[in-house]
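Only one structure is covered here, and it is reproduced in the block below.
2 protein chains.
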Amino acid sequence: MDALCSSHRRVRLGRREKPVPLDLSHHYSVVTKRRMPSKIKEAYKFFQIPGILNVAGGLPHPDFFPFDTLEAQAAKPERWTPSPNHPGETAVSSTPSPDSAAATHIVVPKAVDESDPVKKIDLTTVLQYGLAAGYPPLLSWVRQFTRENLQQDTPYKGGPEVILTCGSTDGFSKTLDLFVDQWTEGVNDITERPGLLCEPFVYTNILGQAQPRGVQVVTVKANDSGMVVKGPGGLENVLANWDPSKGKRPHLMYTVTLGHNPTGIVLSVERKKEIYDVCSRYDVVIVEDEPYWYLQFPSAAIEEAKSRGLPPPPASSHQKPRRSSGYPFLDSLTPSFLSLDTDGRVVRLDTFSKTVAPGCRLGWITAQPALIERFERIAESTTQQPSGFVQGLISELVLGSSGSGSASSATNQRARTAFSLLRSPRDRAAFTGWDTSGWVRWLEGLRGSYERRVARMCRTLDAGATLITTTPTILSSPHSDPDPDSEWAPLAVSKTTLYSFRWPRGGMFIWLRVHLEAHPLWQARGPSPQVPLLDGPALAAALMIWLTMKPFRVLVATGSMFSANEEVRVEEGWRYHRICFAAEEEGNVDLAAERFVEGVRRFWEVTDVRVVGRLLGELGPSGEVQALGEGVSSLGWYMGC
Amino acid sequence: MDALCSSHRRVRLGRREKPVPLDLSHHYSVVTKRRMPSKIKEAYKFFQIPGILNVAGGLPHPDFFPFDTLEAQAAKPERWTPSPNHPGETAVSSTPSPDSAAATHIVVPKAVDESDPVKKIDLTTVLQYGLAAGYPPLLSWVRQFTRENLQQDTPYKGGPEVILTCGSTDGFSKTLDLFVDQWTEGVNDITERPGLLCEPFVYTNILGQAQPRGVQVVTVKANDSGMVVKGPGGLENVLANWDPSKGKRPHLMYTVTLGHNPTGIVLSVERKKEIYDVCSRYDVVIVEDEPYWYLQFPSAAIEEAKSRGLPPPPASSHQKPRRSSGYPFLDSLTPSFLSLDTDGRVVRLDTFSKTVAPGCRLGWITAQPALIERFERIAESTTQQPSGFVQGLISELVLGSSGSGSASSATNQRARTAFSLLRSPRDRAAFTGWDTSGWVRWLEGLRGSYERRVARMCRTLDAGATLITTTPTILSSPHSDPDPDSEWAPLAVSKTTLYSFRWPRGGMFIWLRVHLEAHPLWQARGPSPQVPLLDGPALAAALMIWLTMKPFRVLVATGSMFSANEEVRVEEGWRYHRICFAAEEEGNVDLAAERFVEGVRRFWEVTDVRVVGRLLGELGPSGEVQALGEGVSSLGWYMGC
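Laid out in structure tokens, this is it:
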């Protein structure tokens, strides 16, 4: 049936007719299926009656809100300097404007006299109960930005819809609500156990969200270019050889394609096509979580080669999108899974957490309209809507007021117009905020800032990756007998690679493999019965603690934090450390890299097992070397891991 | 076991020792049980290392936030005029202060140099990732307000804890996450089906949240004083005679005790004691949802009697709390279920939706610490935290900045101090905002405003409740034969009670029973095969539509919207209309009541069945008279029903 479906659709595509997105309701959870469809249209005509007094709703009049305005000092979109979109190009603006630090004052007034809800930004509407899909002006803008600029030309008929979320943790929680039935061993049949496909290293919170529901995390092999499709452990292999006695064949995949967390990979369109094709054949829904979407670093490959004295890499084959977004910056980014989504099986999560601030708790989901309708029903029963405080101020930031503030409240107007959003919210007013061009300019500036940061850190890390030691030659052969007092006594020069890494192609993280197997104490007898052997996990934990001590004082994340399961944690997790170049203040970026380098180099001088024992003692009474990983995992949401 | 538990605890109470709250983990859902406990303490020591550079977290530096301040024009707490706390008393302030409309300007600065997280209100912290429990200064204030002022002297040892929510819909959603396992017919055993106890008329959203999870809604009889405990249909009866073949005996109750929605009831302490006792014996968790907590109307009973020319009611026996909250206003309110909660089985939901604005999406849960710990784990996997925009501005409103703004960012300070919240956040700085006294003053002012509104509306409704008609006597007896031309022809004076209601004792709603059985068309043959008989549901729907038409133009909510199940809807729902006196602007409050009165009176003049037919035609193609109720139900979240 999968194959039939797929070939049928290809025929339609061949006719250059966009296909209607597939009905995915067979994947809905039971709870989601039970949610009642909205009968909003049957009721809203009553709200629209001119002059009607509405005493049906249970809500306070806006006069009773203790806020008369919401205001902010907001950055101009030019605050940060962009970097080039393609290697060798010149950036749009290579020097910051003279008043780049200046701010403009924005105001959300109490009431605006405007009948069109997508043009009306005021406290009477944004601090009132509102639509689960989002505040009309902001929803309208996000929808237009998504459909016209970010994901233009989605291959299914009519294109995707959007719904605002309280950030992407909320977005993924709702995605699980939509697609996953809770499963319990002993209660539910094993063949019904839901599965989630993901890379071996994954954003930790995802596991914390999925596993309590009984979801089986199913890892797919990954290499330097992302999830592997063919061959042992690859996606096709996992799905084709699925053993139903271990659970239901997974119908959900979680991935980050641009600046993967923690590995920093940018998935190529070619790889995406291969993955999508398999997902289409095996009826897998792809959840594409893209918090770092705009953080792609076109200079990474070239600068990496330069830093390491290697020949320049072949020019990347960036294809121009079929239809321009109108912004060279957006056009330069590797397209989303949505650009391949003929079936309507992609659920994409976007967030304002890294473009504005994590504390926004604001983002959006993009997917085919039928899925967005279900997300609206879920939102009505859980979060209702993102806070009006953030919706109002972000609306004001990107759109600005369309009218002047007015003291007159307009309840009926409000009730009447809020629902006219049900007409397509395409046309927008002449707003005074950043608008889309300012928004894109802001994103470009952020990318520029982060791209410069990552290059600086990577160069420092490159410079310190190899330990060169000169030691007197150890003589093992009896016929060689040089004079020990000779000033020409031969010295052995040994080169030890302490760690290796690929410059991240996107995102916020450098993912280093520390070669602990080259450490002097590798596989030495451990310091205590609790740690009988200084294996990878033990040395990795000790190094992480070591780095937090004077004079290094740098806190890095360990690979165990991001291991999708116990097998990955034991076999691979200990090999990696993740460094974030986004969180520290500007002046500490180089310092953090220098401290890390110094710390690792000095760690190689540790030859006393007891030192490692003391370091591991720092992990506290639980004593297990992986405990910190878990401890920090539960901090993941706090740290934005 | 229940009984044993209960008597054992009473003995302890008898010794005047506060009991430890019960372990309720047997009520946790499977998913909740599976959530990992936080190992935050194992990790946070690393964040506290002085001078450490944190490149472990995945978060942007606050310099990259496009907001340099958040600001607002905020009301002074004296904006509205209070009403007396007890009948006959004088209000704290009976006249508005001269500058009552004035606003003060509040600012959340970019960075404040302050090491104590509960004293630090700035954008570097509030717009960053944060604690699931809430933003430290706001959490600290809410916790203190709840424990010291709102719910002082909770009977279990140590008292309750709090966690912030994204409003009470989110709060109840998380409560269901905590206590309810999803249930599906044919998959799960009927004896495992979870149940939710509630009144026959209930806030609609609750049903929309519970039912898709497979929860059985179990209604308990209610009278003018709230949920009935003894006798047929009462709480004890429902639980004692529970038939396990219809599901699991409910272990969860949902109720609103102060200003019940839709009925306007304030549950007395005596009734609460009876209900709590039964819940304790049958191990039922009580979810007390109190959006209208401060809207208790002490004048209602007296003014109702006055308006109706009845003798004054006996003085209410308000008991002073064992320990004063420090605020006569708070002391005057009927105590919460928490005040009786020796077992720790009360989960209370509070919200800023009616005290600040619905668009806040901000509230809090109060419960025993073990439950709050589980709520934190749930929050980490769903909403993470309420938006920093609302947390920051509400913090600033009630607390104000403790220090002056500073341009220097302080990342490590942030990391170090955020976790010292794990020490008890009791002590607070000398803030400059409203503080608790201002907050209470604001609540008093709102209560005063709403109490005056409800009295005006109720008086108008009282005046129009009876229809007096004079008609020529219809002569049926042949021996009576008066002269038809006589100017003294006898006239019959008929008095028809159109509707009856109790003045609400609290909340935002007037709950009217419309006596449709006295309508001229009652039980007349219907206008079409779809509506064969003008029964209660048909006439109620027609009246609702009729009221939306010229010249009445007033939209009321029908009782069917709030019916807990089909039985209630059919038997009782059609009898009621709910009028909200909070939503309209001041000038329309009387007008809405007048229009309603006029509309109902004129509806009694409708004697043509075809008119009703046309009205019902307005309900649209679905044609069913209950459709609108359902349609509006799905609007419940929008309307704040």
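So the protein lines, in turn, are chains A and B.
Reminder that position 633 of the first sequence reads as 633 in the working numbering, one-by-one numbering, no gaps.
The number in the working numbering is simply the position in the second sequence, starting from 1, with 1000 added.
All residues carry an ideal CB built from backbone N, CA and C; glycine is no exception.
8 Å Cβ cutoff, residue 128 of chain A in contact with chain B: Working through the first sequence from its first residue, we reach residue 128 of chain A at position 128. Taking Cβ atoms only, chain B reaches closer than 8 Å to residue 128 of chain A, which makes this a yes.
Local Cβ density within 10 Å of residue 191 of chain A, reported as buried at 16 or more and exposed below that: For this step, residue 191 of chain A is matched to residue 191 along the first sequence. So residue 191 of chain A counts as exposed.
Neighbour flag for residue 1305 of chain B against chain A, beta carbons, 8 Å: On the second sequence, residue 1305 of chain B is found 305 positions in, with the first residue counted as 1. It does not: the Cβ of residue 1305 of chain B has no partner Cβ on chain A nearer than 8 Å.
For residue 451 of chain A, the three-state DSSP class (helix, strand or coil): Within the first sequence, residue 451 of chain A is the residue found at index 451, counting from 1. Helix.
Boundaries (first-last residue) of the alpha helix (DSSP H) holding residue 508 of chain A: The residue labelled residue 508 of chain A in the question sits at position 508 within the first sequence. That residue, residue 508 of chain A, is in no alpha helix (DSSP H); it is neither H nor E in DSSP.
Residue environment, residue 20 of chain A, which counts as buried when at least 16 other CB atoms sit within 10 Å: Within the first sequence, the letter at position 20 stands for residue 20 of chain A. Burial call: exposed.
Beta strand (DSSP E) runs wholly inside the stretch 1199-1276 of chain B, at least 3 long, in chain order: 1216-1219, 1252-1255
Length of the line joining the Cα atoms of residue 573 of chain A and residue 534 of chain A: For this step, residue 573 of chain A is matched to residue 573 along the first sequence. For this step, residue 534 of chain A is matched to residue 534 along the first sequence. Approximately 15 Å between the Cα atoms of the pair.
Distance between residue 1442 of chain B and residue 1221 of chain B (C-alpha atoms, nearest Å): Along the second sequence, one-based indexing puts residue 1221 of chain B at 221. Along the second sequence, one-based indexing puts residue 1442 of chain B at 442. Distance between the alpha carbons of residue 1221 of chain B and residue 1442 of chain B is about 36 Å.
Interface flag, residue 186 of chain A vs chain B, CB-CB below 8 Å: Stepping through the first sequence from its first residue, residue 186 of chain A is reached at position 186. No - not a single Cβ of chain B is within 8 Å of the one on residue 186 of chain A.
Simplified DSSP state of residue 420 of chain A, which is helix, strand or coil: As a working note, residue 420 of chain A is residue 420 in the first sequence. Because the pLDDT at residue 420 of chain A is just 42, under 50, the model does not fix this residue reliably, and the value given afterwards should be weighed accordingly. In the structure shown, residue 420 of chain A sits in a helix (DSSP, three-state: H, G or I).
Residue 1210 of chain B versus residue 1194 of chain B - alpha carbon distance: Along the second sequence, one-based indexing puts residue 1210 of chain B at 210. Along the second sequence, one-based indexing puts residue 1194 of chain B at 194. So the alpha carbons of these two residues sit roughly 10 Å apart.
7 Å CB neighbourhood of residue 467 of chain A in its chain, flanking five on each side removed: In the first sequence, counting from the first residue as 1, residue 467 of chain A sits at position 467. These residues qualify, in order along the chain: 496, 498, 601, 604.
Residue 1267 of chain B to residue 1587 of chain B span [Cα, whole Å]: What you label residue 1267 of chain B is simply residue 267 of the second sequence in a count that begins at 1. What you label residue 1587 of chain B is simply residue 587 of the second sequence in a count that begins at 1. The alpha-carbon atoms of residue 1267 of chain B and residue 1587 of chain B are separated by roughly 31 Å.
Residue range of the beta strand (DSSP E) that includes residue 1107 of chain B: On the second sequence, position 107 is the one that residue 1107 of chain B refers to. Element bounds for residue 1107 of chain B: 1103-1108.
C-beta atoms of residue 1440 of chain B and residue 1297 of chain B nearer than 8 Å: Looking up residue 1440 of chain B in the second sequence gives position 440. Looking up residue 1297 of chain B in the second sequence gives position 297. No; because the gap between Cβ atoms is not below 8 Å, this pair is not in contact.
Neighbourhood of residue 1411 of chain B by C-beta, 6 Å cutoff - its chain only, sequence neighbours within 5 removed: Taking the second sequence and counting its residues from 1, the one referred to as residue 1411 of chain B is at position 411. Caution is warranted here: a pLDDT of 30 is assigned to residue 1411 of chain B, below 50, making its placement in the model unreliable, and the coordinate value is therefore given only provisionally. Correct list: empty, nothing qualifies.
Contact under 8 Å by Cβ, residue 1518 of chain B with residue 67 of chain A: Indexing the second sequence from 1 puts residue 1518 of chain B at position 518. Indexing the first sequence from 1 puts residue 67 of chain A at position 67. No, Cβ-Cβ distance for residue 1518 of chain B and residue 67 of chain A is not below 8 Å.
Under 8 Å between C-beta atoms of residue 554 of chain A and residue 1053 of chain B: Taking the first sequence and counting its residues from 1, the one referred to as residue 554 of chain A is at position 554. Taking the second sequence and counting its residues from 1, the one referred to as residue 1053 of chain B is at position 53. In this structure, residue 1053 of chain B lies closer than 8 Å to residue 554 of chain A by Cβ.
Presumed contact (8 Å Cβ cut-off) between residue 1269 of chain B and residue 1334 of chain B, rounded CB distance: Along the second sequence, one-based indexing puts residue 1269 of chain B at 269. Along the second sequence, one-based indexing puts residue 1334 of chain B at 334. 6 Å between Cβ atoms; contact.
Sub-8 Å separation of residue 1580 of chain B and residue 1509 of chain B beta-carbons: The residue labelled residue 1580 of chain B in the question sits at position 580 within the second sequence. The residue labelled residue 1509 of chain B in the question sits at position 509 within the second sequence. Yes, the pair counts as a contact, with Cβ atoms nearer than the cut-off.
8 Å Cβ shell around residue 1332 of chain B - same chain, five flanking residues per side excluded: Your numbering for residue 1332 of chain B matches position 332 in the second sequence. Cβ neighbours of residue 1332 of chain B beyond the five flanking positions: 1085, 1086, 1296, 1298, 1318.
contact_flag[the stretch 170-177 of chain A, the stretch 1364-1383 of chain B] where n(CB pairs < 8 Å) is 3 or more: yes
Identified DSSP bridge partners for residue 577 of chain A: The count along the first sequence starts at 1 and reaches residue 577 of chain A at position 577. According to DSSP, residue 577 of chain A bridges with A/512, A/558.
With 16 other Cβ atoms within 10 Å as the buried cut-off, status of residue 105 of chain A: Your numbering for residue 105 of chain A matches position 105 in the first sequence. Result: exposed.
Where the stretch 1207-1221 of chain B meets chain A: residues whose CB sits under 8 Å from a CB there: 1208, 1209, 1211, 1212, 1213, 1214
Enclosing beta strand (DSSP E) for residue 1532 of chain B [first to last residue]: Against the second sequence, residue 1532 of chain B aligns to sequence position 532. Taken as a continuous stretch (DSSP letters only), the beta strand (DSSP E) holding residue 1532 of chain B covers 1531-1533.
First and last residue of the uninterrupted beta strand (DSSP E) at residue 495 of chain A: As a working mapping, residue 495 of chain A is identified with position 495 in the first sequence. Here the beta strand (DSSP E) through residue 495 of chain A covers 491-497.
Residues within the stretch 350-375 of chain A neighbouring chain E, beta-carbon criterion of under 9 Å: Absent here is chain E; the protein component of the structure consists of chains A and B.
Assigned secondary structure, residue 430 of chain A (DSSP; H/G/I helix, E/B strand, else coil): To locate residue 430 of chain A, count along the first sequence from 1; it is residue 430. Only weak support is given to the placement of residue 430 of chain A: the predicted model assigns it a pLDDT of 49, under 50, and the question is left unresolved by the model.
Test: residue 1293 of chain B CB closer than 8 Å to a CB of chain A: Translated into positions along the second sequence, residue 1293 of chain B becomes position 293. No, residue 1293 of chain B does not count as interfacial toward chain A.
DSSP beta-bridge partners of residue 1030 of chain B: For the purposes of this step, residue 1030 of chain B is taken as residue 30 along the second sequence, with counting starting at 1. Answer by DSSP bridge pairing: none, since residue 1030 of chain B is not bridged.
Rounded distance between the beta-carbons of residue 344 of chain A and residue 399 of chain A, thought under 8 Å: On the first sequence, residue 399 of chain A is found 399 positions in, with the first residue counted as 1. On the first sequence, residue 344 of chain A is found 344 positions in, with the first residue counted as 1. Wrong, their Cβ atoms sit about 29 Å apart, outside the cutoff.
Residue 1357 of chain B, buried or exposed, once every other Cβ within 10 Å from all chains shown has been counted against 16: Position 357 of the second sequence, counted from the first residue, corresponds to residue 1357 of chain B. Per the 10 Å Cβ criterion, buried.
9 Å Cβ cut-off: residues of chain B touching residue 565 of chain A: Taking the first sequence and counting its residues from 1, the one referred to as residue 565 of chain A is at position 565. Chain B residues near residue 565 of chain A: none, gap ~14 Å exceeds 9 Å.
Residues sharing a beta bridge with residue 73 of chain A, DSSP: Residue 73 of chain A sits at position 73 when you count from the first residue of the first sequence. Paired residue(s): A/105, B/1069.
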